[in-house]
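Report on the structure given below.
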Amino acid sequence: MAQKLPEAYAWLSDDIKDVLFSADAIQQRVNELGAAISRDYAGRNPLLVGVLKGVVFFMADLLRAISVPVEVDFIAVSSYTPEARAQGIVKLAKDLETPLAGRHVLFVEDVIDTGLTLSYLLRNLRARQPASLEVCALFDKPAHRLINIPVKYKGFDLPDHFVVGYGLDYQERYRNLPFVGVLRAQALT
Ligand code: PRP
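Right, here's the structure in full:
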């Protein structure tokens, strides 16, 4: 259920309509995901792979909610052209430093929208022959999905609104909010 902005963020009320997920609700769900991952990956030393930049907030909290040995690495993508991006073709702007062969890899995303980016990256990572490859996404926008992707660990479904916070941005702003809120149409320029 939508909530009001915390008092310290009242100055954002022209931009943000409602809080969809409070900082506490997010932390609780992240802890649940961390506990499930800790159970499933015990003894397997998983490698968590994140795609920059939005995921860094979720990744930092998820790692601290995992109680078994774990490693982390990041990949970054950029678009050749908007048309290429719309077809799910992205350029690797920064590759992983860790070889994946034989590793139990958990791909971590802040949000899955169309699924095109993830689909492209999963194909790329699968070609490196990991022992296993699963997906953990904090937020999912099923209304926008163009490609079906099995998500083993999922935090929350998002409604079809423009949302920001906890890593999600609009023109690079709002990532640092500890909660997720709905951006007002007037803030979209
Ligand atoms: C977001 C998110 C995914 C992608 C999902 O990244 O982190 O990588 O979009 O969209 P898709 O399912 O439609 O492909 P974004 O391009 O916003 O970059 P950012 O993480 O730097 O904000």
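Residues in the sequence shown are numbered consecutively from -4, following this note's numbering. Cβ atoms here follow ideal geometry from the backbone N, Cα and C, with glycine treated the same way. As the structure is a prediction and not an experimental result, all values here were calculated from the model.
Count the other CB atoms within 10 Å of the CB of residue i; is the residue buried (16 or more) or exposed (fewer)?
{"i": "R122", "result": "The residue asked about is misnamed: residue 122 is Ala in this sequence, not Arg. By the neighbour-count rule (16 or more Cβ atoms within 10 Å), A122 is not buried but exposed."}
{"i": "D135", "result": "buried"}
{"i": "T112", "result": "buried"}
{"i": "D10", "result": "buried"}
{"i": "Y75", "result": "exposed"}
{"i": "L116", "result": "buried"}
Out of the options, which has the shortest C-alpha to C-alpha gap to residue i?
{"i": "L133", "options": "I107, T112, P145, S127", "result": "I107"}
{"i": "L58", "options": "V146, L0, L28", "result": "L28"}
{"i": "P94", "options": "L120, A79, G83", "result": "L120"}
{"i": "A37", "options": "S62, F157, V177", "result": "S62"}
{"i": "D105", "options": "Y115, V130, A96", "result": "V130"}
{"i": "N143", "options": "F174, G162, G110", "result": "G110"}
{"i": "G162", "options": "K48, L0, Q22", "result": "K48"}
Roughly how many whole angstroms lie between the Cα atoms of residue i and residue j?
{"i": "D35", "j": "A5", "result": "41 Å"}
{"i": "P41", "j": "R98", "result": "7 Å"}
{"i": "S73", "j": "F16", "result": "29 Å"}
{"i": "V51", "j": "F69", "result": "9 Å"}
{"i": "D152", "j": "Q124", "result": "30 Å"}
{"i": "A30", "j": "A126", "result": "22 Å"}
{"i": "I84", "j": "E78", "result": "9 Å"}
{"i": "V159", "j": "L178", "result": "7 Å"}
{"i": "R118", "j": "A3", "result": "43 Å"}
{"i": "S8", "j": "A180", "result": "12 Å"}
{"i": "N26", "j": "A60", "result": "5 Å"}
{"i": "E66", "j": "A55", "result": "12 Å"}
{"i": "F53", "j": "V46", "result": "11 Å"}
{"i": "L43", "j": "L91", "result": "11 Å"}
**Request:** Take every Cβ of the region 138 to 145, pair it with every Cβ of the region 163 to 176, and state whether three or more of those distances are shorter than 8 Å.
**Result:** Segments in contact, no.
**Runs of beta strand (DSSP E) lying entirely within the region 53 to 93, each at least 3 residues, in chain order** = 66 to 74, 85 to 89
**Asked** What residue ranges within the region 93 to 164 form continuous beta strand (DSSP E) runs of no fewer than 3 residues, ordered along the chain?
**Response** Listed in chain order, they are 99 to 107, 127 to 135, 148 to 152.
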